[in-house]
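Note that the sequence shown covers residues 1 to 215 in the UniProt record's numbering.
By construction, the Cβ of each residue, glycine as well, lies at the ideal position given by its N, Cα and C atoms.
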Amino acid sequence: MKNKKIPNSTLLVNFVQRFRQSLRWIDPFDEIVFEYVKLLCGHTNTMTSVKFSSCANRIVVCSIDAIIRLWDVKSERELMCFKGHAGSVLDVDFSSDDKYLVSCSKDNIIIIWNVNSGKAIKRILHYSKFVHCVQFSPDNQFILSLFNDKTITLYDVKSEKVFKTFKEYSDYISCAQFSSNGRFVVASLEDKTIRILDINSGKELKNIGRTFTFC
1 MKNKKIPNST LLVNFVQRFR QSLRWIDPFD EIVFEYVKLL CGHTNTMTSV KFSSCANRIV
61 VCSIDAIIRL WDVKSERELM CFKGHAGSVL DVDFSSDDKY LVSCSKDNII IIWNVNSGKA
121 IKRILHYSKF VHCVQFSPDN QFILSLFNDK TITLYDVKSE KVFKTFKEYS DYISCAQFSS
181 NGRFVVASLE DKTIRILDIN SGKELKNIGR TFTFC
């Protein structure tokens, strides 16, 4: 296999398999093949976040050009262009039913978009801080947001009001995500710890120490 050229593909060395081989745990697969599938072009500047829809038939991409683009995976065609932010769009996420998008930007605004119409239906404005990460809860009732002031905040989608703000951390929060049942939030901090938070009580349940912060 090592002498065989695989067109349009990338070979990624699997560290675990190499390690097992070094211990004489025989495994015939020491390479993982990622085949080149699609190339989508359209943004004019650096892209900051990309997400699949729940059915994996669409992709949403945001960029520092302040534009969000929706793509059809099969046809490789741009379906919609969302414009409304005045600064770099830092993150974007689909609702679980794929009917809405939520985005955040350096303009200090969180926007909820209607996917079919491309229109902004809700705007949440902050005057002194911007959000660098957003996510819908599994039931689409809340939006998880990470602020540059080291706080995690949950917004009620219907009222557009703050539902809960978790304690302010001493280190930057690099990323966070809902659990699949929507009851917990897991967050990764620059102090190399992972925090698990209970949404109802707002309390930190676990502090898993000294790991990587990359998401």
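Residue nearest to LYS106 in terms of C-alpha spacing, selected from CYS62, ALA120, ILE196, THR44: CYS62
Apart from the five residues just before and just after VAL186, which ones in its own chain have a Cβ nearer than 6 Å to its Cβ? GLN177, ILE196
Note the first and the last residue of the continuous beta strand (DSSP E) segment covering SER145. 142-147
What is the DSSP secondary structure of VAL73, reduced to helix, strand or coil? In the three-state reduction of the DSSP assignment, VAL73 falls in the coil class, being assigned neither a helical nor a strand state.
Boundaries of the beta strand (DSSP E) in which GLU204 is found, first to last residue: 204-208
Report, in whole angstroms, the separation of the C-beta atoms of ASP91 and CYS133, which I expect to be a contact under 8 Å. 5 Å
With a 10 Å radius around its C-beta and 16 neighbouring C-beta atoms as the bar for buried, classify CYS55 as buried or exposed. exposed
Roughly how many angstroms separate the alpha carbons of ASN114 and TYR100, rounded to a whole number? 5 Å
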